[in-house]
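A short write-up of the structure that comes next.
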Amino acid sequence: GNSVTQMEGPVTLSEEAFLTINCTYTATGYPSLFWYVQYPGEGLQLLLKATKADDKGSNKGFEATYRKETTSFHLEKGSVQVSDSAVYFCALRNGQNFVFGPGTRLSVLP
Amino acid sequence: DSGVTQTPKHLITATGQRVTLRCSPRSGDLSVYWYQQSLDQGLQFLIQYYNGEERAKGNILERFSAQQFPDLHSELNLSSLELGDSALYFCASSPFISNYGYTFGSGTRLTVV
Chain V
918 GNSVTQMEGP VTLSEEAFLT INCTYTATGY PSLFWYVQYP GEGLQLLLKA
968 TKADDKGSNK GFEATYRKET TSFHLEKGSV QVSDSAVYFC ALRNGQNFVF
1018 GPGTRLSVLP
Chain U
280 DSGVTQTPKH LITATGQRVT LRCSPRSGDL SVYWYQQSLD QGLQFLIQYY
330 NGEERAKGNI LERFSAQQFP DLHSELNLSS LELGDSALYF CASSPFISNY
380 GYTFGSGTRL TVV
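Going down the list, the sequences are from chains V and U.
Each number in my numbering corresponds to the 1-based position in the first sequence with 917 added.
Each number in my numbering corresponds to the 1-based position in the second sequence with 279 added.
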């Protein structure tokens, strides 16, 4: 079946630190991969996506590369800001099957 | 504004009552999905509709039901409410294309007292 595993949070960083949130997946075939972000009190917003192996998704300074050989889609940002504090969800879509990871809470301190 | 509209934003009701949550999908999207988000269980998929027909069911209780109307808006009905039903309920929509993500509404926060 399809599944997504994320590193457990919470993750607490100082402003301007480097961020990595690990995500690995299990799927048959060739899923599309996504990162969603949920700011406090809001719904989920699509942050970035990649639809095939070696694709790199990027947005707002965040990046993730679709690694089929390691079945991973780790989220990275070179310098986090306080405004990046949120919950981050890794997800995959395989046909009509959409699976979310459990979410990783990020807190960035000034 | 994501283009997915959910109403109401907040709802407070008593145990045993029945409520209806409404969702209007993004223009052109035929698929609608309902999710429940509670503090201790993350995002739980409830049900999916495509162009008026039920397509997939997740962890949806028998006390809950949903439908999608000809104009593509959807309603989630929650009955015989219990304290444990307190949660955020999200609607999402998507085109029927496999490499597209979902677009989420801002959610309805349900509090059962």
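Quick reminder that beta carbons are idealized off the backbone N, C-alpha and C, glycines included.
Please read all numbers here as calculations on a predicted model, not as lab measurements.
Which listed residue (the options) has its alpha carbon closest to that of residue i
i: G1012 (chain V); options: V:T929, V:P948 and V:M924; result: V:P948
i: Q347 (chain U); options: U:Y381, U:C370, U:T382 and U:L389; result: U:C370
i: A1003 (chain V); options: V:P1027, V:E932, V:G974 and V:G1020; result: V:G1020
i: T382 (chain U); options: V:W952, V:T987, V:S996 and V:L963; result: V:L963
i: Y328 (chain U); options: U:S306, U:Q316 and U:S353; result: U:S353
i: L351 (chain U); options: U:A366, U:S372 and U:Y368; result: U:S372
i: V921 (chain V); options: V:R1010, V:K969 and V:N976; result: V:R1010
i: Q998 (chain V); options: V:P957, V:K969 and V:S931; result: V:S931
i: K969 (chain V); options: V:R984, V:N976, V:F1006 and V:S1024; result: V:R984
i: P374 (chain U); options: U:N330, U:L300 and U:A345; result: U:N330
i: E925 (chain V); options: V:N976, V:P1027 and V:G1018; result: V:G1018
Proximal chain V residues relative to residue i, where beta-carbon distance stays under 8 Å
i: R334 (chain U); result: Q1013
i: S281 (chain U); result: G960 and Q962
i: F369 (chain U); result: G960 and L961
Residue i - containing beta strand (DSSP E), residue span
i: L989 (chain V); result: Strictly speaking, residue 989 (chain V) in this sequence is Ser, with Leu absent from that position. Segment: none, S989 (chain V) is in no beta strand (DSSP E) and carries neither H nor E.
i: S1002 (chain V); result: Careful: S1002 (chain V) lies outside any beta strand (DSSP E) and carries neither H nor E.
i: L325 (chain U); result: G321 to Y329
i: T390 (chain U); result: T387 to V391
i: F886 (chain V); result: With chain V running from 918 to 1027 in the structure shown, residue 886 (chain V) is simply not present.
i: F343 (chain U); result: F343 to Q347
i: V997 (chain V); result: Element bounds for V997 (chain V): n/a, residue is neither H nor E.
i: T945 (chain V); result: Taken as a continuous stretch (DSSP letters only), T945 (chain V) belongs to no beta strand (DSSP E), as it is neither H nor E.
i: V1025 (chain V); result: T1021 to L1026
i: A366 (chain U); result: A366 to S373
i: S975 (chain V); result: K973 to N976
i: K966 (chain V); result: L961 to A967
i: S353 (chain U); result: S353 to L357
i: I339 (chain U); result: Taken as a continuous stretch (DSSP letters only), I339 (chain U) belongs to no beta strand (DSSP E), as it is neither H nor E.
i: Y312 (chain U); result: S310 to S317
Listed by chain order, chain U residues near residue i by CB distance under 8 Å
i: G926 (chain V); result: In chain order: nothing, as chain U lies at least about 12 Å away.
i: G1020 (chain V); result: G321 and L322
Amino acids of chain V, ordered along the chain, whose beta-carbon sits closer than 7 Å to that of residue i
i: G384 (chain U); result: G960
i: Y381 (chain U); result: F1015
For residue j and residue i, the rounded distance between their alpha carbons
i: S1000 (chain V); j: K994 (chain V); result: 13 Å
i: S385 (chain U); j: D971 (chain V); result: 32 Å
i: R342 (chain U); j: S358 (chain U); result: 5 Å
i: E332 (chain U); j: S310 (chain U); result: 9 Å
i: P927 (chain V); j: F979 (chain V); result: 18 Å
i: N1014 (chain V); j: Y312 (chain U); result: 11 Å
i: N356 (chain U); j: T988 (chain V); result: 38 Å
i: W952 (chain V); j: K288 (chain U); result: 25 Å
i: Y379 (chain U); j: G960 (chain V); result: 18 Å
i: A934 (chain V); j: E986 (chain V); result: 28 Å
i: A1008 (chain V); j: A967 (chain V); result: 11 Å
i: S306 (chain U); j: S281 (chain U); result: 11 Å
i: Y368 (chain U); j: T284 (chain U); result: 12 Å
i: S1024 (chain V); j: L950 (chain V); result: 24 Å
i: Q955 (chain V); j: S317 (chain U); result: 14 Å
Chain-ordered neighbours of residue i on chain U, where CB pairs are closer than 7 Å
i: K966 (chain V); result: G380
Interface residues of chain U facing residue i [CB-CB closer than 9 Å]
i: F951 (chain V); result: G380 and Y381
* So does the region 333-345 of chain U actually touch the region 305-325 of chain U, counting three or more Cβ pairs closer than 8 Å? -> A contact exists between the region 333-345 of chain U and the region 305-325 of chain U.
* Touching by the beta-carbon criterion (3+ pairs, under 8 Å), the region 939-948 of chain V and the region 983-998 of chain V -> Counting Cβ pairs under 8 Å, three or more are found: they touch.
* Asked: Does the region 359-367 of chain U come close enough to the region 294-312 of chain U that 3 or more CB-CB pairs lie under 8 Å?
  -> With a cut-off of 8 Å, the region 359-367 of chain U and the region 294-312 of chain U count as touching, because enough Cβ pairs lie within range.
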